[in-house]
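Encoded as structure tokens, the structure appears first; notes follow it.
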Amino acid sequence: MADTKIAEAAMKVFTLAGLRALATTMLAASLLAACGGGGSNAGACVSGSAAVCAGDNSTPATPAPVASTGSDAVANVCTADGMKAFTRAYLDEVYLWYGEIPAVNAASYSNLDDYFYALLTPQLDATGQLKDRFSFVVSSADADSLLTGNNIGYGVRWETDAQGRQRVAFVDAGSPALAAGLVRGGELVQVLTPGASWFPNALATITFTYRDAPGGLARSITLTSAPVQEDPVPLVQTLTSGAGRKVAYLLFNAHTSGAQDQLIPAVQSAQAAGVQDLVLDLRYNGGGYLYTAMTLGSMIASSAADGRVFEQLRFNDKRGADTEASTTYFSGAVQYGEPGSPEGTLLPRLALPRVFVLTTGGTCSASEAVINSLRGVGVEVVIIGGTTCGKPYGFSRRDNCGTAYFPIEFQGVNAVGFGDYASGFAPTCSLPDDFDHALGNQSERLLSAALKYIDTGACPAPTAAAPLSSRSMSTAPQSTSMRGKVLLPPRR
Numbered sequence: 020m021a022d023t024k025i026a027e028a029a030m031k032v033f034t035l036a037g038l039r040a041l042a043t044t045m046l047a048a049s050l051l052a053a054c055g056g057g058g059s060n061a062g063a064c065v066s067g068s069a070a071v072c073a074g075d076n077s078t079p080a081t082p083a084p085v086a087s088t089g090s091d092a093v094a095n096v097c098t099a100d101g102m103k104a105f106t107r108a109y110l111d112e113v114y115l116w117y118g119e120i121p122a123v124n125a126a127s128y129s130n131l132d133d134y135f136y137a138l139l140t141p142q143l144d145a146t147g148q149l150k151d152r153f154s155f156v157v158s159s160a161d162a163d164s165l166l167t168g169n170n171i172g173y174g175v176r177w178e179t180d181a182q183g184r185q186r187v188a189f190v191d192a193g194s195p196a197l198a199a200g201l202v203r204g205g206e207l208v209q210v211l212t213p214g215a216s217w218f219p220n221a222l223a224t225i226t227f228t229y230r231d232a233p234g235g236l237a238r239s240i241t242l243t244s245a246p247v248q249e250d251p252v253p254l255v256q257t258l259t260s261g262a263g264r265k266v267a268y269l270l271f272n273a274h275t276s277g278a279q280d281q282l283i284p285a286v287q288s289a290q291a292a293g294v295q296d297l298v299l300d301l302r303y304n305g306g307g308y309l310y311t312a313m314t315l316g317s318m319i320a321s322s323a324a325d326g327r328v329f330e331q332l333r334f335n336d337k338r339g340a341d342t343e344a345s346t347t348y349f350s351g352a353v354q355y356g357e358p359g360s361p362e363g364t365l366l367p368r369l370a371l372p373r374v375f376v377l378t379t380g381g382t383c384s385a386s387e388a389v390i391n392s393l394r395g396v397g398v399e400v401v402i403i404g405g406t407t408c409g410k411p412y413g414f415s416r417r418d419n420c421g422t423a424y425f426p427i428e429f430q431g432v433n434a435v436g437f438g439d440y441a442s443g444f445a446p447t448c449s450l451p452d453d454f455d456h457a458l459g460n461q462s463e464r465l466l467s468a469a470l471k472y473i474d475t476g477a478c479p480a481p482t483a484a485a486p487l488s489s490r491s492m493s494t495a496p497q498s499t500s501m502r503g504k505v506l507l508p509p510r511r
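Counting from 20, one number per residue, gives the positions in the sequence shown under the numbering used here.
Structure below.
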């Protein structure tokens, strides 16, 4: 009954938290519809946690490690056989688990994407999931748009709540979804457009029935896709805890190009307000550029961390020189510039001994690198929400014949050499996402728990409705803005 085209479309544009993992989530969404229920940036660094390189000419970048010449010899032969030859050669060179590539017959695959995925390791990790649920391929055009967070879409992110309902998690400013009145907490009842995708690659429409809240009056809504520019830092504010402590709340949704330019003034405002604690909301941040994560971590930590490892990238055993050369460090100044924050710009420092991070299963890659790297230099990280996605790996972008390749190339480790979190970071306080309150509202479950922990040093008492982890609710982003965190260069 399910229309698998929806899942296939999602797989073509989502990848950071695992395009293939997202297909499972999107299949559930497609059941709602079917059954009526409820340019080339070769070498740019992309990853959820390990990304130091930028993907456009406006951002100075450190070149990504260069692969051996094997794939170069067969590059730009844009026939079916030529592209498959490049795919195999490139994975043999750079893939972290190249020794686990299955023996497959290239002639058996008429679709390049299918051939790429067939070459990935079939091994499972300790959680029983595919060890590589993150590598992906997309068109070069899709990769270009994802790097900037500027995409064609509807501007709404759907998540599944504890009762299995599809709820609005976030609506992008200036988007078709916002114009139609969609709000956080709204419920998707049924998709009415046959074969429609929430992830259009071009102009499209989708009609569905929707409630502003579960139990409310259902109405029909039609959205027409349009360019949507994601705001990576949509909210920063200063709050006061019950005990009178000044607390900065920072909602950070994507490590996309330009995010650094917004993070720096956001932290400056928190510093000027004299905040004593920081609540960093990464619940929907699937990763992106590592240099952005590095800047954020440096602004949270004190100058005592400067010069210590933020993250070292460990490549396969063919690339020992790349591993030696690929280490990033905490710093008091911008290391990789953006238009509004040139290299060398002094950073504001909150110099906090602890930070509170709000998470879900959609917290991935570069976001997890922030957690891991801060812990590596002794900053206490209190995690509130759900278990993170578990992506200590990253990749660099390589283009060939209009296709952008993102195979996992490295694992990132922190200052004490830790990077084994493929099962995700477990929360200190396990709580499900709260779609009944706006993000930043002090009554919102995760933020409320953080504020109480700040005052009492303890998690709130669990509620009967709260599962042990919100990870099962959503293992991958479901946003029609196609968040750039899903595929940026070394990224994670």
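C-beta atoms are modelled at their ideal positions from N, C-alpha and C, and glycine is treated no differently.
From the DSSP output, in three-state form, read off Thr-212 for me.
-> coil
Where does Arg-152 sit, in a helix, a strand or coil, going by DSSP?
-> coil
Looking at the unbroken alpha helix (DSSP H) that takes in Asp-100, where does it start and where does it end?
-> 99–113
Are three or more beta carbon pairs between the stretch 360–372 and the stretch 279–299 nearer than 8 Å?
-> yes
Taking the alpha carbon of Ser-244 as the point to measure from, which residue in Ala-434, Asn-170, Ala-267 has its own alpha carbon closest?
-> Asn-170
Quick one: what does DSSP say Asn-170 is sitting in, helix, strand or coil?
-> strand
Does Ala-289 come within less than 8 Å of chain B when only Cβ atoms are used?
-> Looking for chain B here will not work: only one protein chain is present.
Assign Val-175 to buried or exposed, taking buried as 16 or more other Cβ atoms, counted over all protein chains shown, within 10 Å of its Cβ.
-> buried
May I ask you to report which of helix, strand or coil DSSP gives Asp-325?
-> coil
Kindly confirm or deny that the stretch 419–435 and the stretch 148–163 touch, where touching means at least three C-beta pairs closer than 8 Å.
-> yes
Within the same chain, show all residues whose beta-carbon is closer than 8 Å to that of Phe-334, passing over the 5 residues directly before and after it, in chain order.
-> Pro-84, Val-113, Leu-115, Asp-341, Thr-342, Ser-345, Glu-428, Phe-429
Cβ distance (whole Å) where Arg-327 is taken to contact Ala-434 below 8 Å | 5 Å
Report the option in Asp-180, Thr-382, Asp-300, Ser-129 whose CA atom is closest to the CA atom of Leu-465.
-> Asp-300
Which term fits Glu-206, buried or exposed, when burial requires 16 or more other beta carbons within 10 angstroms of its beta carbon?
-> buried
When Ser-449, Glu-330, Gly-409, Tyr-310 are compared against Leu-377, the one with the closest alpha-carbon | Ser-449
For Met-303, name the three-state secondary structure that DSSP assigns.
-> First, the residue type needs correcting, since residue 303 is Tyr and not Met in the sequence shown. If DSSP states are grouped into helix, strand and coil, Tyr-303 belongs with coil.
Is the distance from the Cβ of His-274 to the Cβ of Tyr-308 below 8 Å?
-> yes
Take Ala-403 as the anchor and find which of Gly-359, Ser-360, Ala-477, Phe-349 has the nearest alpha-carbon.
-> Before going on, a small fix: residue 403 reads as Ile here, not Ala. Of Gly-359, Ser-360, Ala-477, Phe-349, the residue nearest in Cα terms is Ala-477.
Determine, using beta-carbon pairs with one atom in the stretch 91–108 and one in the stretch 133–146, whether at least three such pairs fall under 8 Å.
-> yes
Would you check if the stretch 185–199 and the stretch 239–255 touch, i.e. whether three or more CB-CB distances between them fall below 8 Å?
-> yes
Three-state class that DSSP yields for Ile-240 in the structure shown = strand
Is there contact here, the stretch 264–271 with the stretch 345–359, by at least three beta-carbon pairs under 8 Å?
-> no
Would you kindly check if the distance between the Cβ of Ser-317 and the Cβ of Gly-263 is under 8 Å?
-> no
Cβ atoms of Val-286 and Asp-367: under 8 Å apart, would you say?
-> This sequence places Pro at residue 367; Asp is not what is there. Result yes, Cβ atoms of Pro-367 and Val-286 sit closer than 8 Å.
Whole angstroms is fine: what's the gap from Gly-436's alpha carbon to Pro-251's?
-> 29 Å
Applying the criterion that 16 or more other CB atoms from any shown protein chain within 10 Å of the CB defines a buried residue, is Leu-470 buried or exposed?
-> buried
Keeping to the same chain, check which residues put their C-beta closer than 8 Å to that of Glu-399; ignore five residues upstream and five downstream.
-> Pro-372, Arg-373, Val-374
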